[in-house]
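Note sheet for the following structure.
Shown next as structure tokens:
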């Protein structure tokens, strides 16, 4: 094969390097994407995938490295320039403006004159062609997460991209919606568009992608054809060892009810929020119950009702260990034995600028750290040191600031702080989101140990794999209502996926599924 | 893009201490430039503004006298500011405290009770607290922004003072000047050293600093307020009452500003007039920021801003410049501090040139 | 007698409300971009002093207004650098600007305090001025009054019908998203702050050149702060700024109402003077009670510093 017949890569990156004060995000990364190719960029959280994509899209400037676009050397200095070259990006955390309409959001990403009517026509045209139905006049805040992703994709498609980058697109979708997305992507690829698909979900990559580049700790550890690999071999390239296996064990039978939610109906005070309707749930000691659901279906509101960050009119709607707690604030609920790990680490689960010792005081102060209203810093520090040791938190000691820890280590610290309070009930939201594989597996094992010791555990998560791995029973939340419970071993990803669209038997939201997912 | 700010991994403790010093230095340099532009000798200006006031013991005592109300107001404000409770109405709370204490003094013009003065201190604190309670209540009950409500009340307080000294409380033997009677000797704060004007309010101020230090650094309530100020959602997650934080933040500021007001009318002024405060309530905010919202820092910064006040008076006397020059220096100082604070959390870095 | 009185009250209300409209619209644009600039009082003060000085020495009122605009813009740069480039706390920066601006104006304006200006000539709009009551009240005003109405229309059109206005609103709502799309967030915010400073300067100029043709320390008397409250009251919508401004303007001339109506109220003048401030508090309470309303209309990133990830 001579040079004349070798096709030019659409995108070729050599030696990309980006250094931040605390970490080397990309270290000598090479990447080659051919026209019409669906190319996966694989790596666990923190491997450097997002940084690489931001550099390609012109959001950040790399410190070293060469980018060639269709054979020509380029310097991509801004997203506008990237768009002009023909690169489109669908962000993981959407770059949409909630108080504006779909059409206005799209207009913001397009250069040129301002013609909302003509733009709306083009939006409808593109959305029909690729199977992504959306109404241009709707306000973004009223859209479901899946619909918002469609807006992001359409926004890119309107500029006839030759390279489309998708950053973790399926973390917000039901299994069925994922399949629909794959159809769209295959259609695009067949028209000659190259696709960069960032993900850590090995089974999806096997299903969809032609080639894969694997990143670990900022370096490329290999390239391959996913179809010729197994999840095991891919995992080994991704994390350097086998994926940890967790022994699920058996839940306890007939433990006492630690959390009872009884007819919880709560209108949200947030104009962008979801109302909760007639929620019933029980969590017993010695079991792990999981709540699955697509983001934006009432998880936040339900969590706040359980934790006490939102108090309820009906004090009996939530009961902990038999005590009606609806009117109690989080501190009072903690005194009854509740502990809670929230979704946001920095700013909610921990205060970024305070030390780990001080962050212990946030929830664990009852453990002998207060005397007549004054703080015993020695006791707090010892607690922090113990937490760091037991939960393998890599940090600069109990005096280091919370924000100096990596996501995985901070999550281990927060989970550890809550577990060390010997809770009767532990509630967790997205416990391993954004956390590296090692830490994620450690946290899941800790939860199983806790369950075996008799604690009642409630996990709310958007990651079905995680829920199937650790939960004894599953329930789905959609549009603020809860499905019936299912024992995990008696159901599967397909069924739960359908339920995530609100379509379980006798569902009151079944007819109204357009905006769920 | 040749220089850019890059976030540090940990805030620099060195810059925490250096930053106020740099700000003061920049203020001095700008001040001297200002003198030059106004056609005055910059070095003479520097000497008269900054050195004259402290050249003798009387000058030092005047400095401490002026620093006392600043110290009191600022430490009260800092309790709130640390918790993100923005009490901008300290000036009004100062005036109401002065009125409350003065009211007690005027009501008992012949009393010889040893409880008169402590009663006035208490009245001052209560008066300031009452005025601060209004924005606190409006915020907790109606979600009304406390910056604007507390500030509007400053203007109202000034009008109340004006009305009282022009009307009901006017001294009948005062030749129709807008002022009250002079307070009797038992209603005045005792002076510390004969011949100087600095009085026991200084001890009240230092006591307040000490109590504030213990509260902020060792008490759980102080910790809760610190969390509320830094991460509101974390405070809610922990179950710390945000209402309590707001009330405490506002009332602490009000009480201490009220005591400061009392110390002014029961001290050097000795009566209530329309001009009992040269803007102490606002200067105290600068004292609080320059003092890094810590009691020790506030002690030093209150001395610094007192120097700016006294220096301004000196400059007016000896160089025929309006005493409003103090306000110019105060504003400059705050701006320079805010500017140099950036280096605590960020460092400047040269960007590598793209190849 | 009655109609003449009504006309003069309306006239005075419009005059009193005009600086609030102009400064309020400037602050509205600034806040729509996500920046909370509390220094309006300081910017109005220096604008006033600059305008007065130029008016006194050149007798050219147009130049005076330009000078006021320029002074407001110049001093707002201090705030912009501190809050946007150096990422200092916006509330503290705004306070610093207010204190510094008011102090600087008092200092620079001392020699001007005993001077007076010739009153400005009003401009009558033909035909419209003949309407009974409303005609003389609305259409025989100073030029800046008409400017305030044109400004309202221009700001409304800019924000809701133009692309740059859409970009500005996007920046105020989600600066990180705007940055990811490629918009220069910091530069846009600088422009918004400068516009706010310019308008505050013009409002200050109006105070000394047309409203009361003299300069005295502290004559802005809280109007800058009231303008900020006005933006909240208007839930960040331009037309409501006008309505609120005239309401407050009415409060400010309450004394005139009372005297002119002939009612023998033995009310001390200070009580009447406190009306605008009390009205501001009342209005803030009424508007803020509905937290959901505030959340829907206020720019989501208001007051938060923005650090671009480059």
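Protein chains in written order, with this note's numbering: chain X, 30 to 546; chain F, 68 to 422; chain S, 34 to 343. A virtual CB, placed ideally from N, CA and C, is assigned to each residue, including glycine. Model, not experiment: these values are computed from the prediction.
A Cβ-Cβ distance of about 5 Å is found for the pair residue 247 of chain F and residue 338 of chain F, placing them in contact under the 8 Å criterion.
By the criterion of a C-beta distance shorter than 8 Å, residue 405 of chain F is surrounded in its chain by 356, once the five residues flanking it on both sides are discounted.
Pairing residue 526 of chain X with residue 452 of chain X gives a Cβ-Cβ distance that is not under 9 Å. Closer than 9 Å to the CB of residue 304 of chain S there is at least one CB belonging to chain F. One alpha carbon belongs to residue 259 of chain X, the other to residue 430 of chain X, and they sit about 41 Å apart.
Put simply, the backbone Cα of residue 195 of chain F is about 15 Å away from that of residue 219 of chain F. Taking the Cα positions, residue 69 of chain X is about 13 Å away from residue 79 of chain X. A direct Cα-Cα distance of roughly 7 Å separates residue 234 of chain X from residue 255 of chain X. Within chain S, 210, 213, 214 have C-beta atoms less than 7 Å from the C-beta of residue 124 of chain X, given in sequence order. Rounded to whole angstroms, residue 358 of chain F and residue 286 of chain X show a C-alpha spacing of 53 Å. In its chain, beyond the 5 residues on either side, 38, 41 have a beta carbon closer than 6 Å to the beta carbon of residue 61 of chain X.
Between the alpha carbons of residue 50 of chain S and residue 122 of chain S lies a distance of about 31 Å. At a C-beta separation below 9 Å, residue 279 of chain F has no neighbours in chain X, since its nearest C-beta there lies roughly 15 Å away.
Counting C-beta atoms within 10 angstroms of its own C-beta, residue 362 of chain X has 16 or more neighbours from the protein chains shown and is therefore classed as buried. Pairing residue 86 of chain X with residue 67 of chain X gives a Cβ-Cβ distance that is not under 9 Å. Remark: C-beta atoms of residue 411 of chain F and residue 145 of chain F do not approach each other more closely than 9 Å. When Cβ pairs closer than 8 Å are counted between the two stretches, the stretch 143-159 of chain F is seen to touch the stretch 341-354 of chain F, the count reaching three or more. The beta-carbon of residue 132 of chain S is placed less than 9 Å from the nearest beta-carbon of chain F.
The beta carbon of residue 278 of chain X is closer than 7 Å to those of 477, 481 in its chain, skipping five residues each way along the sequence. When rounded, the separation of the alpha-carbon atoms in residue 115 of chain X and residue 187 of chain X is 11 Å. Straight across, the Cα-Cα distance linking residue 324 of chain F with residue 202 of chain X is about 56 Å. Distance from residue 318 of chain X to residue 504 of chain X at the Cβ level is roughly 7 Å; contact confirmed, criterion being Cβ atoms closer than 8 Å. Under the 8 Å Cβ criterion, the stretch 389-401 of chain X does not count as touching the stretch 466-477 of chain X, having fewer than three qualifying pairs.
Taking C-beta separations shorter than 6 Å and ignoring five residues to either side along the sequence, the partners of residue 189 of chain S in its chain run 271, following chain order. As summarised for the stretch 231-288 of chain X, the continuous alpha helix (DSSP H) elements at least 4 residues long and confined to that stretch are 231-237, 260-268, given in chain order.
At a cut-off of 9 Å, the C-beta of residue 75 of chain X has no neighbouring C-beta in chain S.
Residue contact with chain S for residue 504 of chain X: absent (no Cβ-Cβ distance below 9 Å to any residue of chain S). Per DSSP, residue 446 of chain X is one residue of the alpha helix (DSSP H) stretching across 436-448. Taking all protein chains shown into account, residue 278 of chain F has fewer than 16 neighbouring C-beta atoms within 10 Å of its C-beta and is therefore exposed. For a Cβ distance threshold of 9 Å, nothing in chain S lies close to residue 347 of chain F: the least Cβ distance comes to about 12 Å. In the same chain as residue 396 of chain F, and ignoring 5 residues on each side of it, the C-beta atoms closer than 7 Å to its own belong to 94, 98, 375, in chain order. Per DSSP, residue 74 of chain F is one residue of the beta strand (DSSP E) stretching across 70-74. In this structure, the beta-carbon distance from residue 346 of chain X to residue 299 of chain X does not fall below 9 Å. Taking a C-beta cut-off of 9 Å against chain F, the contacting residues of the stretch 240-260 of chain S are 250, 254, 255, 258, 259, listed in chain order. For a Cβ distance threshold of 7 Å, residue set 405 of chain F lies close to residue 126 of chain S, ordered along the chain.
Taking 8 Å as the upper bound for CB-CB distance, residue 231 of chain X and residue 264 of chain X are in contact here, some 6 Å apart.
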